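K.L.:
Numbering (the numbering used here), first residue to last: 209 to 371.
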C-alpha cells in the first residue's frame, strides 16, 4: 500500500496565508466595531477560523513526524462479547486544545493569534497523539452470546421430595 507524500513547506505555506488573513480580519472586526455577544455570523466565523488553525497545526505536526511506519493490522471482526463502534475523528482536534471554549470573542481570537505565534506546544500534542496511533474504531463491551445462557441451564434436582 502506497502512503501519500508528506506535505511540503510550500504546500503548508499556501494554507498559512489565508489563515492569517482570516484571523487578522476577525481581530480588526472585533476591535474596531465591537463584538455583539449574540452574533451568529461572528460565532460561525470564529468557529471556522478555529478549525482552520487546528488543521494548520495538524499539517505542521504531520510534516514534522516524517514517514509513517506500517502497523500491524487489527482484525475487523470483534471478539465474542464485544462490538466495534466508530470513533469521532474530530475529537483528535479537541485533544490539542487550540480552541478556547466558553471564552469571549476577543479571547478566542487572541488564543488563535497566540497559537499561530507559538505553535510548538500544540504541534507536540498532535505528534504525541499520532505516535500513539489514530484509531477509527473502539471495542465496547456488549451482551454475552445467547449460547452462554443456554448452556448455563439449571441442573435437574438429584432427589425429589415424596411427601
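We put the CB at the ideal spot given by N, CA and C, even for glycine. What you are looking at is a predicted structure, and each value in this text was computed from that prediction instead of being measured.
Using DSSP bridges, identify the partner residues of residue 345.
P.N.:
According to DSSP, which records beta bridges pairwise, residue 345 is partnered with 294.
K.L.:
By the 10 Å Cβ neighbour count, where 16 or more other Cβ atoms means buried, how is residue 256 classified, buried or exposed?
P.N.:
Result: exposed.
K.L.:
Is the distance from the Cβ of residue 331 to the Cβ of residue 269 below 7 Å?
P.N.:
Contact: yes.
K.L.:
Taking only three categories from DSSP, how would you classify residue 229?
P.N.:
The answer is helix: DSSP assigns residue 229 an H, G or I state.
K.L.:
Short of 7 Å in beta carbon distance, which residues of its chain neighbour residue 267, apart from the five on each side in sequence? Order them along the chain.
P.N.:
215, 220, 223.
K.L.:
Would you tell me roughly how many angstroms separate the C-alpha atoms of residue 366 and residue 346, rounded to the nearest one?
P.N.:
In a straight line, the C-alpha of residue 366 is about 46 Å away from that of residue 346.
K.L.:
Go to residue 322, then tell me how far its alpha helix (DSSP H) extends in each direction, as first and last residue.
P.N.:
Start and end: 313-325.
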